[in-house]
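S.K.:
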Ligand code: SF4
Ligand code: NI
Ligand code: NI
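Numbering (our numbering), first residue to last: 78 to 784.
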């Protein structure tokens, strides 16, 4: 048999199975029975991406099988093999979709099955920043549990997102390894068809971020090949079905590395007999470069541990700024005042703290450098959260004087101590901010009296001063804005214009962040944009901003406004925290955020609304934005501003209430504005919402229609 014959036979097997499964499902449920995956606006994503047609019921699926069949040509040619691979993938998608009929939850812990659109949107930023340098798909059973676990851990330590299919799932469970999206190891499912759930992520990335037209299969495959850094590790023995799936992966540009003695195709199907070399071979095949941060601590340090949670029962000690005096602070010093890499602990070490106790901690990172500016202090400080979280067995939330840190028993038993937090902060700051930080010294206080002094006499006055500076930082008070094009890795024509009062839509890039990024890397993603030639102050349009946007989008965007959702609105990539859309009955807008899974009065959920915009195109009436922007005086200023906000999920409303109410008071003299804004406990449909708004006398009702 040739390799082609193996692929064809695997494809035929899966196709026959699928035909039978669809026929059985129709016999049991009727052809009108709805079929979809949960929490996606692109159901069924792979078939939709490849053909441009949405399958909504079993009858559609039956018809789609003919389209799939038409891909299954049988010449001994590369293209025929690829298309049979794609056909196999589509069949797998159908089989998996059938499992979800009637809202069933076919996957149980630890397996995930289908992944929601929101998960993909969350992956946007870490993928573009290289924080997640690649995506590994591991399929089958490793020769031994030890080899399997070692392979998974090797990727995890590099920050690579690992998805597991088949026997490897039981192997890592047997070894007691923690899995889950929060540690970047995602068991998909034990059937080989569950591999489609990661393919679906790649396809949706192209639709969400890449503005690829559904049905443009060539553009889709070019996108996944160039921009989704995925690869497959398939353990021996391979059967024809796995080989056919592999052909599908290769068609999308994902190389397959296997330890089976089989045919090899340069750069695509690679035989590597030694499983311990899978990692190196895979990275080389996909051309993935890993940023190495070597830090001298007794536990692992990798971005994969960022989402790790330490439960009360697993913790050795905790530091809690909400209960005792804590703080974290960056101070700019003169070079002569500090000693590089000096790390001092003032007060007891973890050994002297009671098991499970709450303690004080204050870490002060003093930096010096010719290019250092006090404006960069909060930018550096905010990164502490990521740095400390990347330590295996250490957990961090909050910031400033309200942070909380937990050290697990495992980390403590491995030898992790307070001083290692200093090592991590030192190495990370020096590594990331080398353009502005020449010298760095870390002092960690655990002595309660010292913590109280540091917090109240040093940190809080510094924070107050910074807040006063931020409050004075308006779009009018600065001379320049900044562009951010980080997301172009996935959204090739998207440009964020970042101003003091409008942060990047991902919520992660403020004007100060962009300024620091520009200073750190003048040719990097953030460029200075002047604002000297206004065209229309009302919508915030400038000739110089337009020129910059046109250049940075390679001509895709001609003009953009900063303050309007209707006229020349800013584009979205896909990783926005919130999406806002107009609500015609009230002349207002509804906002929803990624975390909110429920319905909005617009009749759409977050993923559905989010799919209305993205890919770097302008869509009047819809705007992706950061949470922080909601309370800005520049939020939709051209259409009347925050007075237009009529609905938000309750949790989001609570999060932004203080700032939003302050803005409403200042701009319009309204007290407790958020009391007038609906949420899911009040209304999920426009009629009920309108009643509520009328009762409250919401100002939007008296405003001009936006359309
Ligand atoms: Fe992407 Fe805009 Fe955030 Fe930059 S500011 S990372 S371009 S969303
Ligand atoms: Ni951690
Ligand atoms: Ni983005």
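The beta carbon of each residue, even a glycine, is placed where N, CA and C say it ideally should be.
Can we count residue 200 as close to ligand 1, meaning its CB is less than 7 Å from some heavy atom?
M.R.: Because no heavy atom of ligand 1 lies under 7 Å away, the Cβ of residue 200 does not count as near it: no.
S.K.: Within the 8 Å Cβ cut-off, does residue 779 reach chain C?
M.R.: Given the protein chain composition of this structure (a single chain), no chain C is represented.
S.K.: Among residues of its own chain, excluding the 5 on either side of residue 240, which ones have a beta-carbon nearer than 6 Å to its beta-carbon?
M.R.: 214, 263, 265 and 275
S.K.: In whole angstroms, what separates the C-alpha of residue 121 from that of residue 280?
M.R.: 11 Å
S.K.: Short of 7 Å in beta carbon distance, which residues of its chain neighbour residue 593, apart from the five on each side in sequence? Order them along the chain.
M.R.: 453 and 456
S.K.: Express the C-alpha separation of residue 467 and residue 186 in angstroms, rounding to a whole number.
M.R.: 25 Å
S.K.: Which residues count as close to ligand 1 when the rule is a CB under 5 Å from any of its heavy atoms, in chain order?
M.R.: 561, 563, 564, 573, 581, 582, 583 and 586
S.K.: If we require 4 or more residues per run, which alpha helix (DSSP H) segments fall completely within the segment 656-733?
M.R.: List check, alpha helix (DSSP H) in window: 683-687.
S.K.: Taking only the alpha-carbon atoms, compute the straight-line gap between residue 698 and residue 704 and give it to the nearest angstrom.
M.R.: 18 Å
S.K.: State the Cα-Cα distance for the pair residue 135 and residue 115, rounded to the nearest angstrom.
M.R.: Going by C-alpha positions, residue 135 is about 16 Å away from residue 115.
S.K.: Exposed or buried, residue 105, counting other C-beta atoms within 10 Å across all chains shown (16 or more means buried)?
M.R.: exposed
S.K.: Would you say the beta carbon of residue 784 comes nearer than 7 Å to a heavy atom of ligand 5?
M.R.: This structure lacks ligand 5; its bound ligands are ligand 1, ligand 2 and ligand 3.
S.K.: Does DSSP put residue 288 in a helix, in a strand, or in coil?
M.R.: coil
S.K.: In terms of residue numbering, what span does the alpha helix (DSSP H) encompassing residue 104 cover?
M.R.: 80-106 is the extent of the alpha helix (DSSP H) around residue 104.
S.K.: Would you mind sorting residue 156 into buried or exposed? The rule is 16 or more other CB atoms within 10 Å of its CB.
M.R.: exposed
S.K.: If you reduce the DSSP assignment to three classes, tell me which class residue 116 lands in.
M.R.: coil
S.K.: Here's a check: name, in chain order, each residue in its chain whose Cβ is nearer than 6 Å to the Cβ of residue 296, leaving out the five neighbours to either side.
M.R.: 289, listed in sequence order.
S.K.: Using a Cβ-Cβ cutoff of less than 6 Å, which residues in the same chain neighbour residue 611 once the five nearest sequence positions on both sides are dropped?
M.R.: 619
S.K.: Using only the alpha-carbon positions, how far apart do residue 324 and residue 507 sit?
M.R.: Whole-angstrom Cα-Cα distance: 44 Å.
S.K.: I'd like the span of the alpha helix (DSSP H) that includes residue 528, first residue to last.
M.R.: Residue 528 -> alpha helix (DSSP H) spans 525-530.
S.K.: Provide the residue(s) that pair with residue 517 in DSSP beta bridges, ordered along the chain.
M.R.: 444
S.K.: Jot down the residue ranges of each uninterrupted alpha helix (DSSP H) in the segment 203-245, minimum 4 residues, whole runs only, in chain order.
M.R.: 222-234
S.K.: List the endpoints of the continuous beta strand (DSSP E) containing residue 310.
M.R.: Residue 310 -> beta strand (DSSP E) spans 307-311.
S.K.: Candidates 606, 531 and 599: which alpha carbon is nearest residue 556's?
M.R.: 606
S.K.: Taking 8 Å as the threshold (C-beta atoms), are residue 559 and residue 517 in contact?
M.R.: no
S.K.: Roughly how many angstroms lie between the CA atoms of residue 785 and residue 678, to the nearest whole one?
M.R.: With the chain represented from 78 up to 784, any question about residue 785 goes unanswered, as that position is not in the structure.
S.K.: Taking the straight line between their C-alpha atoms, what separation do you get for residue 341 and residue 347?
M.R.: 5 Å
S.K.: DSSP three-state label for residue 467, please.
M.R.: Reduced to three states, the DSSP call for residue 467 is coil.
S.K.: Grab the span of the beta strand (DSSP E) containing residue 429 for me, first residue to last.
M.R.: Looking at the DSSP string, residue 429 is not in any beta strand (DSSP E), and its letter there is neither H nor E.
S.K.: What does the alpha-carbon distance come out to for the pair residue 463 and residue 389?
M.R.: 21 Å
S.K.: Could you tell me whether the Cβ atoms of residue 384 and residue 260 are closer together than 8 Å?
M.R.: yes
S.K.: Going by beta carbon distance, what residues of the same chain come within less than 7 Å of residue 495, once the five residues before and after it are set aside?
M.R.: 422, 426, 427, 521 and 523
S.K.: Given a threshold of 16 other Cβ atoms within 10 Å of its Cβ, counted over all protein chains shown, does residue 748 qualify as buried or as exposed?
M.R.: Exposed, because fewer than 16 other Cβ atoms sit within 10 Å of the Cβ of residue 748.
S.K.: So, residue 786 versus residue 113, is the Cβ gap smaller than 8 Å?
M.R.: Past the boundaries of the shown model lies residue 786; the chain is included only from 78 to 784, so the question cannot be answered.
S.K.: Give the DSSP-derived three-state secondary structure of residue 636 in the structure shown.
M.R.: coil
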